Amino acid sequence: MMAAITEVRSGAAAGIRSTKGWFFFFTLLILICVTSSQTQLKEKIKKNHQIIKERYEKMNDVVMPAIMGISNLFVEHMQLFNRMVALMSEFSDDFPLVQGRLMESKAVLEQNMDFVNKKMDEFIVELKQQGMTINYTEWNLPRVYQKLKYEL
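Following the numbering used here, the numbering of the sequence shown begins with 85 at its first residue and continues without gaps.
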């Protein structure tokens, strides 16, 4: 009898019951937190994917035509310079300095046009890669969500 009283006083008997209750409470709390974390992560992935997709569409719809317009301007200016060189070749004896400056200007314009075309080609390749990445990501999003479900 004395042992039973001592056990009740020390809280050993009561401690076992409260430990079971706390264990159940913390297990539920952890499950809720994991589920909430998974939902937040899923929403964050969706939001980031949507932002990237919108940026890609803007680049494709707005920036790409602007770059193509710049390239077309360079082509038109080159044609103008070619016409001016042809006209000046008729009067080369009268205006030797103008002919030289015109050729120098044409060379600079050609360098700039080559640079812009090179950057435009790089941009087009990068834009296509981003489009492929977005399509691949859209195709794999359900698998990513499924994997998240099993990992968490």
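Idealized CB from N, CA, C, for every residue including glycine. Quantities reported herein were computed from a predicted structural model and do not represent experimental measurements.
Query	Result
Beta carbon of Phe158 nearer than 7 Å to that of Met187	no
Assumed close pair Met143, Leu211 - CB separation to whole angstroms, cut-off 8 Å	6 Å
Proximity test, Ser155 beta-carbon vs the ligand GTP heavy atom, cut-off 6 Å	In the structure shown, the ligand GTP is absent, as is every other ligand, since no ligand is present at all.
7 Å Cβ shell around His161 - same chain, five flanking residues per side excluded	Leu193
Assigned secondary structure, Val165 (DSSP; H/G/I helix, E/B strand, else coil)	The identity of residue 165 in the sequence shown is Phe, whereas the question assumes Val. In this structure, Phe165 counts as helix in the three-state DSSP scheme.
DSSP state of Asp178 mapped onto helix, strand, coil	coil
Alpha carbon of Thr123 to alpha carbon of Ile154, nearest angstrom	45 Å
Close-in-space but distant-in-sequence residues of the same chain around Ile151 (CB under 7 Å, 5 per side omitted)	Met204 and Phe207
Ile89 classed as buried or exposed, judged by whether at least 16 other C-beta atoms fall within 10 angstroms	Because Ile89 carries a pLDDT of 48, less than 50, the predicted location of this residue cannot be relied on, and the following value inherits that uncertainty. Flag for Ile89 reads exposed.
Same chain, Cβ closer than 6 Å to Pro226, five either side skipped, listed in chain order	none
Cα-Cα separation, Met172 to Ile218	53 Å
Whole-angstrom distance between Arg185 and Asp145, CA atom to CA atom	39 Å
7 Å Cβ cutoff met for Lys190 and Phe165	yes
Beta-carbon proximity check, Gln214 vs Tyr140, cutoff 7 Å	yes
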